[in-house]
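No gaps in the numbering here: position 56 of the sequence shown is 56 in my numbering, and each next residue is one more.
The beta-carbon is built from N, C-alpha and C at its ideal position, and this holds for glycine as well.
These notes concern the structure reproduced below.
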Amino acid sequence: IQLHAETRSKQIAAWRTLVLEYHRLTKQSVLDIREAQRSPLFNNTSINSILFILFQEWGGMVYDWAQNNGMINTVCTLFELTQGDNTCDEEFHGLDTEVLIKALRTLEDEKKAEVIIFDETQGVKFF
Numbered sequence: 001i002q003l004h005a006e007t008r009s010k011q012i013a014a015w016r017t018l019v020l021e022y023h024r025l026t027k028q029s030v031l032d033i034r035e036a037q038r039s040p041l042f043n044n045t046s047i048n049s050i051l052f053i054l055f056q057e058w059g060g061m062v063y064d065w066a067q068n069n070g071m072i073n074t075v076c077t078l079f080e081l082t083q084g085d086n087t088c089d090e091e092f093h094g095l096d097t098e099v100l101i102k103a104l105r106t107l108e109d110e111k112k113a114e115v116i117i118f119d120e121t122q123g124v125k126f127f
């Protein structure tokens, strides 16, 4: 859960919509909290991962941030993106590095970014 009140409110609203839509589509009327972690909504056993936002969506959020903050044609470290002061209010702040890299790879596929790995530092240049 996000700490920033406005971001947290948006996050909870998004989760609410996701859960309600899933239950509507699967014709379920009850969510048993004790069983929720085993539900396909929260746990994808075929890839042995739990992911609630697609990599493309994470990538879109990061790219929107880059555009809105004048970071196009600029290199940012992954640390800056996930731990930096300029991203504290962003949903991707604190995101796992491996998830972030996969999200940034989707931007590479769209020719919007290039992931740069040098020594122990990882970064991304936005286009």
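Exposure of residue i, with buried meaning 16 or more beta-carbon neighbours within 10 Å
| i | result |
| --- | --- |
| Val30 | exposed |
| Gly59 | buried |
| Leu100 | buried |
| Cys112 | Rather than Cys, the amino acid found at residue 112 in this sequence is Lys. Result: buried. |
| Phe118 | exposed |
| Ala103 | buried |
Span of the alpha helix (DSSP H) around residue i
| i | result |
| --- | --- |
| Glu114 | Premise fails: Glu114 lies in the beta strand (DSSP E), 113-118, not in any alpha helix (DSSP H). |
| Gly60 | 55-68 |
Same chain, Cβ closer than 7 Å to residue i, five either side skipped, listed in chain order
| i | result |
| --- | --- |
| Thr106 | Phe55, Gln56, Gly59 |
| Gly123 | Val75, Cys76, Thr77, Leu78, Ile116 |
Nonlocal neighbours in the same chain, by C-beta distance under 6 Å from residue i, ignoring five residues either side
| i | result |
| --- | --- |
| Trp65 | Glu90 |
| His93 | Thr87 |
| Leu41 | Tyr22 |
Which residues DSSP lists as bridging residue i, in chain order
| i | result |
| --- | --- |
| Gln122 | Ile117 |
Boundaries (first-last residue) of the beta strand (DSSP E) holding residue i
| i | result |
| --- | --- |
| Lys77 | With the sequence shown as reference, residue 77 is identified as Thr, and Lys is not the correct amino acid for it. Run containing Thr77: 75-77, per the beta strand (DSSP E) assignment. |
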